[in-house]
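Chains A and B supply the protein sequences, listed in that same order. If you use my numbering, the first sequence corresponds to residues -15 to 288, in order. If you use my numbering, the second sequence corresponds to residues 17 to 270, in order. The C-beta atom is built at its ideal place from N, Cα and C for all residues, glycine as well. Since the structure is predicted, the reported quantities are computational estimates derived from the model, not experimental observations.
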Amino acid sequence: MEYVFTCNNLGKKYGSFAALTEMKMEIPKGAIYGFVGKNGAGKTTLIRLLCGLQQPTSGSFELMGIANDSKDIVKARRRMGAVVEAPAIYKDMDARSNLIQQCLMLGLPDFDKVDELLSLVGLSDTGKKKAGKFSLGMRQRLGLAIALCGDPDFIILDEPTNGLDPQGIIEIRELIIKLNKEKGITFLISSHILDELARMATHYGFIDKGHIVRQMSSRELHSECRKSVRIRVNDTKILAKVLEELGLEYKILDDSAADMYAEMTFSELAKKCEEAGCTILTMEERDESLEAFYLSLLGGGDNA
Amino acid sequence: MLRILYSDIRKTMQSRAFLICLITNVSYHILLVITLKVLYHFFFHNNITSDEVAFSFASIAIFLVTASTLISAGEFSDGTMRNKLISGAKRSEVFFSGMITGMYQGFVHAAAAFVTSMLTSLLLTTGFEGYTIPEVADYWLLIIFSCMSIAGFSTALVLALGGRKISYVVGLSIAFGMKIFLLYVQDKLYPESGNCSLTGVKLAVFRFTDRFIPYSYLAMRPHWDSVSYILGCGSLILISAILGVMIFQKKELL
């Protein structure tokens, strides 16, 4: 498999604090890579290394097959776009001027793409309005348009839907999927809106305490998200006893509800419960949420 | 590097902060001339000469140019520095482009002040009495070079400090400190009454400061040879560039 980014034992220290330790990560070409981790887990540090803002203290990485200590790494970075933390925009310029500015920095011969990009992110009607007066959502769109200047092969997005209204979130998501499918652009997306991430990511990387805990494809992730059956009964103590006898895994939620992590026919369970003196009120099949999976994997309440 | 330089200059010309500094620069001179003209007319029944107002920019140039170049710190806070590095520019290119843009700002401010000064001299004063035309030209050339070197130094400082807020404090403190120190130096070297009483190392240090530190060139009319001034301005630019790029290359940016 071809990768746009790989790192091997990558480490970054700030004084005695290790922000990244022996990190190993691969982003397959053409993937939408969901990058998930707690605040302070090391996501932004990795992005800073990728963008060349900081240098690793140990290990190495390759960007588009070029090693980080190679002189040609600047060429690899030209094939990248990024919106990290706040969108990087010139606040005294309008949207069009901002894009022209980026085109100039990239040394593009003309600005033909500017109008197309503005239209693509829905900013074509902003006229002479200064970017400093844009809403957060408009800034995000402009940041994305800037990242798209120069037809990059790899785009890094940090919280791309931050500050967007529901309509805007859908538009950005569809845009990312469209760019990924039609132009084959690889995305690295760090997002706190996990459900949103789950709608577009093809691969996931979970980072905790400066190293990757697990990498997986979305298919693997979905197969690992367990299915459960939520049962409402008149007495969960009796239900627990029945499930114990059947040797099934379960979790009591309250006096009247429990989740059962096993497949079993309704009639069989109902019969056993009836015999034990427990009445089943409702049964409903559920997927364990991706959020719960993240929490269980990273172990904490303030994840992502 | 030229593409980065061109985009930097374009950004600066559209920057609100730079334009405010430029308007302040021009307005200050016009207001000063009008105020003096009114005062002279009503209290002294006289007209002002160009000698009295033509070089007023020199007295505010240090602060104005320093403040104007501190704009480049916004490159870091706005994250646009990251865009530059991603766009394939080397750090040294980004640094030198930033420094040259800073020097360009110094040039624009000095040039704008020159044009304003000449126009107001022509329209509102009786003309030069104590200066010949070549002296006026020399003085303005010196102001332009000094502003460019101070702006270059100030921008290098901001870039070397990674755009942190401390760069505003350090930049303006240096400008303020130099202004006070140079007033003291020139008062000791050229006392209003009597001769200079300095001797030994102190005299050497004060003379060196007066002769080779560009901040002092803006304090009074030229009195050293051109080579000294070129050496002073050139050295400040060169030292700022070499030290600045060395620090910037290794700087951890956010």
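Does chain A have any CB closer than 9 angstroms to the CB of K27(B)? Residue-level contact by beta carbon holds for K27(B) and chain A, with a gap shorter than 9 angstroms.
Chain B residues whose Cβ lies nearer than 9 angstroms to that of Y74(A): Chain B residues near Y74(A): K27, Q30, S31, G90, D94, T96.
Leaving out five residues on either side along the sequence, give the residues of the same chain with a beta carbon under 8 angstroms from the beta carbon of R325(A). Shown here, chain A extends from -15 to 288; a query on residue 325(A) therefore has no answer.
If you draw a straight line from the C-alpha of G122(B) to the C-alpha of F58(B), how long is it? Going by C-alpha positions, G122(B) is about 36 angstroms away from F58(B).
Spatial neighbours of D154(B) within its chain, please: C-beta separation below 7 angstroms, excluding the five flanking residues on both sides. Cβ neighbours of D154(B) beyond the five flanking positions: P238.
Chain-order list of residues whose beta-carbon lies under 8 angstroms from that of S93(B) (same chain, five-residue window excluded): If we look at S93(B) and ignore the five residues flanking it on each side, its Cβ neighbours are G179.
What residues in the segment 44 to 72 of chain A bring their beta carbon closer than 8 angstroms to a beta carbon of chain B? Within the segment 44 to 72 of chain A, the residues whose Cβ lies closer than 8 angstroms to any Cβ of chain B are, in chain order, V58, K59, R61, R62, M64, G65, A66, V68, E69, A70, P71, A72.
Is S84(B) close to chain A, meaning its C-beta is less than 9 angstroms from at least one C-beta of that chain? So, not an interface residue.
L269(B) at chain A interface by Cβ criterion, 9 angstroms: Yes - at least one Cβ of chain A is within 9 angstroms of the one on L269(B).
What does DSSP give as the partner residues of H17(A) in its beta bridges? It should be noted that the sequence gives Tyr, not His, for residue 17(A). Checking the DSSP bridge columns, you'll see Y17(A) partnered with L172(A), H187(A).
Step through the CB atoms of chain B and report whether any lies within less than 9 angstroms of the CB of S240(A). The C-beta of S240(A) comes no closer than 9 angstroms to any C-beta of chain B.
At 8 angstroms on the CB atoms, spell out the chain A contacts of L101(B), in chain order. Simply C35, G36, L37, R61.
Would T215(B) be called buried (16 or more neighbouring beta carbons within 10 Å of its own) or exposed? Classification for T215(B): exposed.
Distance, Cα to Cα, I182(B) vs N146(A)? The alpha-carbon atoms of I182(B) and N146(A) are separated by roughly 30 angstroms.
Contact criterion: CB-CB distance below 9 angstroms. Does G(-5)(A) meet it with respect to chain B? Taking 9 angstroms as the CB threshold, G(-5)(A) stays off the interface with chain B.
Please work out which residues of its chain come closer than 6 angstroms, Cβ to Cβ, to D142(A), disregarding the five sequence neighbours upstream and downstream, and give them in chain order. Counting only Cβ-Cβ distances below 6 angstroms, and skipping sequence neighbours, we find V68, E69, S174.
Would L33(A) and F19(A) qualify as a contact pair, given that the criterion is a beta-carbon distance under 9 angstroms? When the beta-carbon positions are compared, L33(A) and F19(A) stay at least 9 angstroms from each other.
Alpha carbon to alpha carbon, what distance is there between P12(A) and N(-7)(A)? The alpha-carbon atoms of N(-7)(A) and P12(A) are separated by roughly 18 angstroms.
Measuring only between beta-carbons, confirm whether K181(B) sits less than 9 angstroms from chain A. Not closer than 9 angstroms to any Cβ of chain A, the Cβ of K181(B) fails to qualify, so no.
Counting only Cβ pairs nearer than 7 angstroms, list the residues of chain A close to Y44(B). Residues of chain A with a Cβ closer than 7 angstroms to the Cβ of Y44(B) do not exist; the shortest Cβ-Cβ separation is about 22 angstroms.
I want to see whether chain A comes within less than 9 angstroms of R237(B), judged by CB atoms only; does it? No, R237(B) does not count as interfacial toward chain A.
Cutting at 6 angstroms between CB atoms, please list the residues of its own chain near E269(A), excluding the five before and the five after it. Cβ neighbours of E269(A) within its own chain (closer than 6 angstroms, five residues either side excluded): V213.
In whole angstroms, give me the CA-to-CA distance for S0(A) and F95(A). If you take the alpha carbons of S0(A) and F95(A), they lie about 47 angstroms apart.
Cutting at 6 angstroms between CB atoms, please list the residues of its own chain near G24(A), excluding the five before and the five after it. Nothing listed; no residue qualifies.
Roughly how many angstroms lie between the CA atoms of D67(B) and I116(B), to the nearest whole one? Rounded to whole angstroms, D67(B) to I116(B) spans 32 angstroms at the Cα level.
Bounding residues of the beta strand (DSSP E) (the contiguous stretch that carries C357(A)): Examination of residue 357(A) is not possible in this model, given that chain A is present from -15 through 288 alone.
Using 9 angstroms as the limit for Cβ to Cβ distance, is S251(B) near chain A? For S251(B), the closest Cβ of chain A is not nearer than 9 angstroms.
Out of curiosity, what's the CA-to-CA distance linking G193(B) and A176(B)? Here the alpha carbons of A176(B) and G193(B) stand approximately 20 angstroms from one another.
So, helix, strand or coil for V105(A), using DSSP? Correct three-state label for V105(A): coil.
According to DSSP, E10(A) sits in a beta bridge with which residue or residues? The partner list for E10(A) (beta bridge, DSSP) reads T(-10)(A).
Which class does D94(B) belong to by DSSP, given the choice of helix, strand or coil? Coil.
Please classify A288(A) as buried or exposed, where buried requires at least 16 neighbouring CB atoms within 10 angstroms. Reliability of the predicted coordinates at A288(A) is poor, the pLDDT of 41 falling under 50, and no value is obtained from them.
Around the Cβ of S207(A), are there at least 16 other Cβ atoms within 10 angstroms (buried) or fewer (exposed)? Only exposed fits S207(A), as fewer than 16 other CB atoms lie within 10 angstroms of its CB.
Where does E180(A) land, buried or exposed, given buried means 16+ other C-beta within 10 angstroms? Buried, by the Cβ-count rule.
Are there 16 or more other CB atoms within 10 angstroms of the CB of P136(A), so buried, or fewer, so exposed? With at least 16 other beta carbons inside 10 angstroms of its own, P136(A) counts as buried.
From the beta carbon of A130(A), is the nearest beta carbon of chain B less than 9 angstroms away? Here residue 130(A) is Ile; the residue named in the question, Ala, does not match the sequence. Output row for I130(A): interface = yes.
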